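Residue numbers (my numbering): 49 to 365.
Think of the CB as a built atom: it goes at the ideal place given N, C-alpha and C, for glycine as much as any other residue.
Because the structure is a prediction, the values reported are computed rather than measured.
First the structure, in the form of structure tokens, and then the observations on it.
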């Protein structure tokens, strides 16, 4: 938190940058890629990622414990998928208040187990401890990718694509009805992302988890390019059309756990065919530019609605 209660919170990126700046110089060794992408790459093809979910920040009382168990695995699977990898193992650290709610633990374990079964993830260890308040779940996950996808692979003139329908989770959170499945039961496009990687169709890629307005600038910065996005090209659905502010839901909220990627225009036909083969909705929403700005065509970006340091996602889309 700020040193002075009246000082503006510097935000998540400040914390990340400060910690990374304090690291000792990198030594030679097996780590090929560390901070800056969705996962680290160790020994060339091994992927490692960590995610933490906190009660009151990442889920509220509407989320069943089964949903929390499912989602804690899904968000790390999404990181592995964004690198074009397949998840293989995970560890779990769980902080729980006392007295222990045995029914909560049982339902949480069922959700976690179902998610591990869907994506063939083996839980290999972990830790439990007492929490003085909120429940906290941390997952460390490993995977493997033969041709890892990076955020830094975009070139000027690439198409920009998204999978799924970003914004449905926002509708679920704000309107407590349609979209709750997208919010509590995300389905990262693992097989599709792996196929993109194997066929080397994507330039750059990343996990779409903090909203397009936050994540696309990160990808562009890593690649040294800009972007122009056409709002009318963004995918929509009956659920999204119930939002009071559809564009804000589509780009500013997050919690989608879909794939954001770029690709050369000559790969359009192959990407559409691959998406159809994997029953994934893939939509071309814009293109990268030489000007290092990230713009929406004919409008401005809504402010990001989610922060990992704020206990609510923001205003109703």
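Checklist entry - Does the separation of the CB atoms of residue 101 and residue 133 fall below 7 Å? => result no
Item to check | Continuous alpha helix (DSSP H) stretch holding residue 287: start and end | outcome: Where residue 287 is concerned, there is no enclosing alpha helix (DSSP H), given that its DSSP letter is neither H nor E.
Checklist entry - What is the DSSP secondary structure of residue 58, reduced to helix, strand or coil? => result coil
Checklist entry - What span of residues does the beta strand (DSSP E) with residue 335 cover, start to end? => result Its beta strand (DSSP E) spans residues 330 to 337.
Checklist entry - Would you say residue 68 faces chain B, with C-beta separation under 7 Å as the test? => result Of the protein chains in the structure, only one exists, and it is not chain B.
Checklist entry - Does the beta-carbon distance from residue 319 to residue 264 come in below 7 Å? => result no
Next on the checklist: I'd like the ranges of any alpha helix (DSSP H) spanning at least 4 consecutive residues and lying wholly in the region 123 to 207.
Outcome noted: Complete alpha helix (DSSP H) runs here, min 4: 150 to 166.
Item to check | Beta-carbon contacts of residue 298 that lie in its chain and below 6 Å, excluding the five residues immediately before and after | outcome: Contacts found: 214, 215, 282.
Checklist entry - With C-beta atoms as the reference, is residue 245 less than 7 Å away from residue 305? => result no
Next on the checklist: For the region 116 to 123 against the region 289 to 297, do three or more pairs of beta-carbon atoms, one drawn from each stretch, fall closer than 8 Å, so that the two count as touching?
Outcome noted: no
Next on the checklist: If I measure Cβ to Cβ from residue 207 and keep anything under 7 Å in the same chain, skipping five residues before and after, which residues do I get?
Outcome noted: 310, 311, 313, 316, 332, 335
Item to check | Close Cβ partners of residue 347 (< 8 Å) along its chain, the five nearest in sequence each way excluded | outcome: 279, 295
Checklist entry - So, helix, strand or coil for residue 213, using DSSP? => result coil
Checklist entry - Are the beta-carbon atoms of residue 98 and residue 87 separated by less than 7 Å? => result no
Checklist entry - residue 198 and residue 252 look like a contact to me (Cβ under 8 Å); what is the Cβ gap, rounded to whole Å? => result 6 Å
Item to check | the region 168 to 180 contacting the region 137 to 157, beta-carbon criterion three pairs below 8 Å | outcome: yes
Next on the checklist: Here's a check: name, in chain order, each residue in its chain whose Cβ is nearer than 6 Å to the Cβ of residue 326, leaving out the five neighbours to either side.
Outcome noted: 239, 240
Checklist entry - When you compare only the Cα positions, how much space is there between residue 220 and residue 73? => result 44 Å
Next on the checklist: Let me check one thing: in DSSP terms, what residues is residue 225 bridge-paired to?
Outcome noted: BP columns for residue 225 point to 227.
Next on the checklist: Quick check on residue 62: buried or exposed, where buried means 16 or more other Cβ atoms within 10 Å of its Cβ?
Outcome noted: exposed
Next on the checklist: Bridge partners for residue 220 per DSSP, in chain order?
Outcome noted: The partner list for residue 220 (beta bridge, DSSP) is empty, contrary to what the question assumes.
Checklist entry - What are the residues that DSSP puts in a beta bridge with residue 275? => result 336, 342
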